[in-house]
Structures are given as C-alpha cells and as structure tokens.
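Asker: Starting off with a structure, shown below.
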Amino acid sequence: MNQSSLPSLERVQQRSLKVQAICRRADAEILILDELIAQIEVENRSSRVNLYRLNKAKHLLGQV
Numbered sequence: 010m011n012q013s014s015l016p017s018l019e020r021v022q023q024r025s026l027k028v029q030a031i032c033r034r035a036d037a038e039i040l041i042l043d044e045l046i047a048q049i050e051v052e053n054r055s056s057r058v059n060l061y062r063l064n065k066a067k068h069l070l071g072q073v
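Per our numbering, the very first residue in the sequence shown carries number 10; after that it's consecutive.
Shown next as structure tokens:
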C-alpha cells in the first residue's frame, strides 16, 4: 500500500499562485478574443454576402 504524504503549505501556496496567474492570463486572452469576435461580426454584418442573404430573407418573408 502506498502512502502519499501531503504537500507542504508552501508548495500548496506556490501552486495556488501559479494557478491564479494562469487564470488571469486566460481571462485576458478571452477578453482579446471576445473583442476580435465582435470586430469580425461587425465586418460580417456589412459584407455584401450577408446583406444579400438578409435582403433575400426579408423578401421571402414579404418585408421588402
């Protein structure tokens, strides 16, 4: 039977700090990705293909 010893408090605190840093970095990356997605959505809304599809959909629904 293997007995595993508990990590020291210092080691737990070090790992906790590393995890917190990783989470902060991930949050920052997600924020940047969200901004890029928003920019792409704006570009897509004004694209000719999207405007064509939107007008076609409105025409099919009798809204034009």
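A virtual CB, placed ideally from N, CA and C, is assigned to each residue, including glycine.
Report the three-state DSSP secondary structure of residue 40 (helix, strand or coil).
Answerer: Residue 40 falls in the helix class under three-state DSSP.
Asker: Check for me: the alpha helix (DSSP H) holding residue 69 runs from which residue to which?
Answerer: Looking at the DSSP string, the run of the alpha helix (DSSP H) that includes residue 69 is 57-69.
Asker: For residue 33 and residue 18, what's the separation of their Cα atoms in angstroms?
Answerer: So the two alpha carbons sit approximately 22 Å from each other.
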